[in-house]
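Trainee:
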Amino acid sequence: MCLVLTTIKHLYHLTTGQVNSLWHVKAHVKLKYIVDGWLLHTKQERTSSKIKLNTTASIEMSEQYSLDQNSCGRMRCLVTLPSAVCKRVQYRTVHFRQHKAMAKSVILFTICTLFFFFFAEMVRADDSECPKDYNYSTTIIQLKTQLFCSYDTFTRPVRQHNDTVDVKLQLVVKKIQFDEIKDTIKVSSYFFVSWTDYNLVWDPAKYDNINELRVRSYQVWTPDIGVFTSADETSFTPYLRPTTCIVYSSGSVSCIPPSTHTASCSADLTPWPYDRHTCYLEMGSWTHTGEAVNISLREPGIHLYQYNMNREWELITMDSSRNPGHYPCCPDDTFPTVTFKIVLQRHSGSYTAIVVIPAVVLMLMTLVTWTKGDQPSRVILATIDVCLHFLFLQYLGSILPPNGDSSPLIGQHQVSFIPVGFSPALVNDIWQINHDSGT
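Using our numbering, you'd call the opening residue of the sequence shown number 2 and step up by one each time.
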C-alpha cells in the first residue's frame, strides 16, 4: 500500500509540472545534427584522425537529462562539438508531453497491477474462511466446497498429531511378465489402497443423503507407498498414480489406481527348462514410520480373478505377508512393510521337444559307440557323435539366458559326454597299435 501511495504522489507532481526538483526522466533521444563542412570528434575517435562530414550526419544516442531543457550545456552528448557550432545545431528530441504521457502509462500500469494482486490476495483470504451462507447451485458442490476449502493434502488426516493412519493394501493382479535376461518381474495390477481421513467426515442428513463423493487423488492426502525391491529406479515414485478416489461420509477413502511394479529376482537355471523362479514385491511407506502410517493387508491380500495367463510362464503361487519392521538400528520406531511372493514356472512343453529329446538321443548315440568292438565304423560313429555334441552345445548357448547363479544341468551333461565320445576312438587306436606290435 505504501508503494501505491508513493506512485500516486509522483503522478500528482508529474501532472502539475512539479518535477524539476523531484526526479529526472531517462529517455532515449534522437538528435539530428546538420553540419556543413565542420569537423567532428566522437568519443571513439579521439585518438584517430579527424573526419570531415560534408553531408548530413544522423547520430542516434542515449542521454540522461533534466526535464528543464533550457540549457544546452546540461546535456551529456556522445559527440563533442565546438561551442560555435552548438548554436547552429538543429536537433529533434522527444517532447515533454511525450515523456509525460509515457510516464502516466507506466504509472497507471503499475497501479493496476498492484491493485490486481491486492484484490486477488483478498479473494484468496475470503475463500479460506469457508463461506457458509453462499447460495450454491447444487448440494454436492456445497459439500465439496465446505470439505476442501481449508484442506491440506500434505497433512496426515488424524484428529491428534500422535494418532496413526491405518493404510490397507491389496493387489488385483492382471498380468505378470518375467524377463530372464534382466532377472526382473513386472506385475501389472490394480493397486487397492484405503484409509480413513477424519478431515472428510460429514453428516449425510444435512446434504440430501449424499453418502459418497468422487474426487481426484491429488485433491486428498495419499500415503507415500513405494516398492523397496524395485528394479526400475528411473520410474520409481512413492506416490499413487493419478486416479479417482471414493470418499465416504464416514471419512473412509478408497483409491484403485492402475499400476505397474517392477522388482528384481534371483534366477536359478539349474533345472532348466523345468526351472522355477521366486520373486518378491516389498512395499511400505517411504517417509513415515509405523507410528505415523501403519501399513497392513486388506484380506485377501491378492486377487487373481482378473489374471491373464502367460504363454511362457505359469503362476504357481502368489502369497502376501506383513513384516512389522523391527530393526536393531531403531528400537523406538517400526517400519512395517507388506510382501507379495510370486512363484513362476516355465512352460516346458516346447523345450522338451526341441531340447530334451535331442539331448537324450545324443547320449544314447554316445553309448552305442562302445558296442562296436574293433570295427572301423566305431571311429567314424564316435567322430560324428562328438561333432553333434559341439553343435548341440552351441545351440544351447543361443537359447539359454546368460545369467543365473548356476549353469543348467542339461548343458553340464552334454559337456561330460564329449570325452565319453572320444574314448571309443582312443581305445580303438590303442588296441590297434598293440595288435600290430604283437604281430
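Where a beta carbon is used, it is the ideal one built from N, C-alpha and C, also for glycine.
Between the alpha carbons of E181 and P403, how many angstroms are there, rounded?
Mentor: The straight-line gap from Cα to Cα measures roughly 9 Å.
Trainee: Measuring only the C-alpha atoms, how far is F193 from T245?
Mentor: Their backbone Cα atoms lie some 12 Å apart in a straight line.
Trainee: Between the C-alpha atoms of P420 and G326, what's the straight-line distance to the nearest angstrom?
Mentor: Distance between the alpha carbons of P420 and G326 is about 54 Å.
Trainee: State the DSSP-derived secondary structure class of R347, mapped to helix, strand or coil.
Mentor: It is a strand residue.
Trainee: Taking buried to mean at least 16 other C-beta atoms within 10 Å of its own C-beta, is D320 buried or exposed?
Mentor: With fewer than 16 Cβ atoms within 10 Å of its Cβ, D320 is classed as exposed.
Trainee: Helix, strand or coil for R277? Go by DSSP, reduced to three states.
Mentor: Of the three classes helix, strand and coil, the one that applies to R277 here is strand, per DSSP.
Trainee: Per DSSP, which residues does V166 bridge with? Please list them.
Mentor: In DSSP, V166 forms a bridge with V294.
Trainee: Using CA atoms only, rank isn't needed, just tell me which of I186, F393 and R215 is closest to S250.
Mentor: When only C-alpha atoms are compared, the closest one is R215.
Trainee: What do you reckon, are the CB atoms on I177 and W314 nearer than 9 Å?
Mentor: A contact, by the Cβ cut-off of 9 Å.
Trainee: In terms of DSSP beta bridges, what is A264 paired with?
Mentor: Per DSSP, I186 and S231.
Trainee: Among L401, W196 and G302, which residue has its Cα nearest to the Cα of Y275?
Mentor: Here the closest residue by C-alpha is L401.
Trainee: Please tell me whether D209 and A268 are closer than 9 Å, where the distance is taken between their beta carbons.
Mentor: Result no, Cβ atoms of D209 and A268 do not sit closer than 9 Å.
Trainee: If I measure Cβ to Cβ from I385 and keep anything under 7 Å in the same chain, skipping five residues before and after, which residues do I get?
Mentor: Around I385: no qualifying Cβ.
Trainee: Since I believe S399 is in contact with T271 (beta carbons under 8 Å), could you give me their beta-carbon distance rounded to a whole number of angstroms?
Mentor: So it is not a contact: roughly 19 Å between Cβ atoms.
Trainee: Tell me the residue span of the beta strand (DSSP E) that contains T245.
Mentor: First-last of the beta strand (DSSP E) with T245: T245 to Y249.
Trainee: Any Cβ of chain E within less than 9 Å of the Cβ of P258?
Mentor: Judged by its chain identifiers, the structure shown contains no chain E, having just a single protein chain.
Trainee: Can you list, in chain order, the residues of its chain with a C-beta nearer than 7 Å to that of L410? Leave out the 5 residues immediately preceding and following it.
Mentor: The answer, listed in chain order, is T271 and P272.
Trainee: Please state the DSSP three-state secondary structure of P420.
Mentor: Helix.
Trainee: What is the residue span of the beta strand (DSSP E) that R217 lies within?
Mentor: Note, R217: beta strand (DSSP E), E213 to R217.
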